[in-house]
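Please read the structure below before turning to the comments.
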Amino acid sequence: MSQKALTLLTLFYKTYNEKVNDWAGERGFTIEKPVFLGPQILLLQSGDVRIQHDRISIVIFIPIPKAIEENEEIVATDEAMTTKTSSARPLEPHYRISIQSLVTGPVFAESSVECEVGDVLVLEGGEQLSLRGDDVCMLCTLHRTNTAGAGMKDNDQM
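The letter at position 66 of the sequence shown is residue 66 when you use our numbering, and the numbering goes up by one with no holes.
Pasting the structure below:
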């Protein structure tokens, strides 16, 4: 794992930790700390990723390694995340993904979302991310969730 990827993830947690925990509480669960799996880089090539029901995944879309040119530098600091490049054309396309969410029983709802490098997704337990015809690279962490005492905040949250 590169230091830049770890810095990016650390910046996300420092910036959005409280908001993500509040969101989880509103949905009836807490996010356990520490990270269950990751951080890891996942290259999804026209496929699916399904999250187990008692898990949540934080996904940050990052450049596909082959798409980074020598003259491009990704900078992640405590202040900001930026991409510097001398190229006039974008190196990364917009990704058309779909998210399937369980509504009730065997019934799923599907939403199409357009993402690009730098976008963040939070996949809830039971959700599935699908991508067809493209490759996408993601920096991912997986957390366990707990429905017991979901309304209480403590130091063991994300």
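Cβ coordinates follow ideal geometry from the N, Cα and C atoms, glycine included.
Here the alpha carbon of ARG96 sits roughly 10 Å from the alpha carbon of SER111.
The beta-bridge partner set that DSSP reports for THR141 consists of ILE58. In the displayed model, GLU32 falls within a strand according to three-state DSSP. Beta-bridge annotation (DSSP): ARG50 is paired with GLN128. Here the alpha carbon of ARG55 sits roughly 23 Å from the alpha carbon of THR7.
Annotated as distal: SER57 and ILE64, with beta-carbon spacing of 7 Å or more.
With contact defined as three or more Cβ pairs closer than 8 Å, the region 19-39 and the region 128-135 are not in contact. According to the DSSP assignment, GLU110 belongs to the beta strand (DSSP E) that extends over 107-115. By the neighbour-count criterion, in which a residue is buried when 16 or more other Cβ atoms sit within 10 angstroms of its Cβ, THR141 is buried. Out of SER2, LEU9, TYR13 and ARG27, the CA that lies nearest to the CA of GLY125 is found in ARG27.
The Cβ neighbour count for HIS53, taken over all protein chains shown within 10 Å, is under 16; the residue is labelled exposed.
DSSP places THR15 in the uninterrupted alpha helix (DSSP H) bounded by 3-26.
About 22 Å separates the beta carbon of THR145 from that of PHE61, a gap too long to meet the 8 Å contact definition. When only Cα atoms are considered, VAL103 and LEU123 end up about 15 Å apart.
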